[in-house]
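This report refers to the structure that appears directly beneath it.
Residue numbers (this note's numbering): 44 to 249.
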């Protein structure tokens, strides 16, 4: 009886600090797991987004190279009545992964000009064209003069060049923000395709 009384009179000791510590430890573990899950989710999204951006960016990595075949012409010679014209053939080769186009159905495409000694002597329009990704295309046109015959002094200068080293002309292909410049010598002894300079301020339309 005395033992029972003594046991009932003694209050049960509770380790509150230990209990709080155990609860706090479980809570910290729960939040740590969430932190890890959020971190891995963020890293996965970061890797996926970076991959998409890289794949998209690679489509705009490259360049378009232009070259020009030897130019055939008529209108240089002793007969001033012969109309002046040039047969211009350009090659465009792309290292881009995607197709790029210059112009559309509502526009005239590009303009080709032939210049001699800084003066434009013939001009023509070119229809819109596209260069496929990792491919090439051909732009061919006949460029004619805006007058029936060249002025006499101009023709004499050209004839003088023909008797010596040949007639140096410049062929320009332009479309708004895009400009291609090619230089060649007419009647060159060892005619071959001529590399051209290409300038562009903004990417072409895809």
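Cβ coordinates follow ideal geometry from the N, Cα and C atoms, glycine included.
Asked: Within 7 angstroms, strictly: CB atoms of residue 108 and residue 136; Found: yes
Asked: Local conformation of residue 213 per DSSP, three classes; Found: strand
Asked: With 16 other Cβ atoms within 10 Å as the buried cut-off, status of residue 170; Found: exposed
Asked: Cβ-based neighbour list, residue 238, same chain, cut-off 6 angstroms, excluding 5 preceding and 5 following; Found: 110
Asked: Residue 228 and residue 203 closer than 7 angstroms at C-beta; Found: no
Asked: Chain-order list of residues whose beta-carbon lies under 6 angstroms from that of residue 183 (same chain, five-residue window excluded); Found: 132
Asked: Same chain, Cβ closer than 8 angstroms to residue 116, neighbours up to 5 away in sequence not counted; Found: 127, 128, 129, 130, 229
Asked: Contacts around residue 231, its chain only, beta-carbon distance under 8 angstroms, and the 5 residues preceding and following it disregarded; Found: 113, 209
Asked: Residues near residue 185 in its chain [Cβ-Cβ closer than 6 angstroms; skip 5 each side]; Found: 128, 130
Asked: Distance CB(residue 145)-CB(residue 242) smaller than 7 angstroms; Found: no
Asked: Cross-strand partners of residue 160 (DSSP beta bridge); Found: DSSP, once it has assigned bridges, lists no residue as partnering residue 160.
Asked: Bridge partners - residue 134, DSSP secondary structure assignment; Found: 110, 181
Asked: Per-residue burial, residue 168 [other beta carbons within 10 Å of its own, 16 or more giving buried]; Found: exposed
Asked: CB contact flag (residue 9, residue 165, <7 angstroms); Found: Residue numbering for the chain in the displayed model covers 44 to 249; residue 9 lies beyond these limits and cannot be assessed.
Asked: Inter-residue Cα distance where the pair is residue 119 and residue 201; Found: 8 angstroms
Asked: Sub-7 angstroms separation of residue 212 and residue 157 beta-carbons; Found: yes
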